[in-house]
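Beneath this line is the structure, given in structure tokens, with notes to follow.
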Amino acid sequence: MFSEFNNAFMNLLLQFLSVLILGIALSQVSKDPSGKHCNLVSVAVLLQLLSIIAFMFPSMSTLTNIGVGSSLSTQMYLHHLAGLFVILFAIYIKLAVDGRIKPIVNPFNLMKITLALWVLVFIGGLSLYLKLWEGISLL
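Following this note's numbering, the numbering of the sequence shown begins with 205 at its first residue and continues without gaps.
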């Protein structure tokens, strides 16, 4: 079926697709903030969750079992933690904007922080991919 490399490559494609969808969603903010923008961001978050469940979690489990270097391990855990915050923030924003929960933090202010963190997590994940599969170190 899929080799580990193919799984990593498919994950990378999903990540690029998520970022592309986020870019399109960003262009829709002023045109249709509660329509297309929200729907596109929801699709991007769902793609992220699919990617985490199908590709990232099994890959991380394998890498922690074989014992990677401390620098790579640190980068991997930071990527994991920051990515978890992105997903949690995105879910919080969606629930707060939809009125399903009472907002503690203004969700509209949190959107920019979440986007910036998402981009940093994407760059960190790309760096991990290059280091693990291509032998290229960016950091």
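C-beta: ideal position from N, C-alpha, C; glycine also.
Output yes if chain B places a C-beta closer than 9 Å to the C-beta of residue i; else output no.
i: Q232; result: Looking for chain B here will not work: only one protein chain is present.
Alpha carbon to alpha carbon, what distance is there between residue j and residue i?
i: Y296; j: V245; result: 13 Å
i: G328; j: R304; result: 32 Å
i: G287; j: V249; result: 11 Å
i: M315; j: F293; result: 8 Å
i: S222; j: I308; result: 27 Å
i: F289; j: L251; result: 16 Å
i: P262; j: E338; result: 19 Å
i: K240; j: G227; result: 12 Å
Span of the alpha helix (DSSP H) holding residue i?
i: A248; result: C242 to S255
My assumption, with CB atoms under 8 Å, is that residue i sits in contact with residue j. Please give the rounded CB distance.
i: Q232; j: F326; result: Contact doesn't hold; Cβ gap of about 20 Å is too wide.
i: L285; j: K335; result: So it is not a contact: roughly 18 Å between Cβ atoms.
Suppose only complete runs of 4+ residues qualify. What are the alpha helix (DSSP H) ranges in the region 269-328, listed by chain order? Listed in chain order, the complete alpha helix (DSSP H) runs (minimum 4 residues) inside the region 269-328 are 274-301.
Count Cβ pairs between the region 274-281 and the region 312-320 that sit closer than 8 Å; are there 3 or more? The region 274-281 is not in contact with the region 312-320.
Would you call the region 255-264 and the region 213-224 in contact, with 3 or more CB pairs under 8 Å? yes
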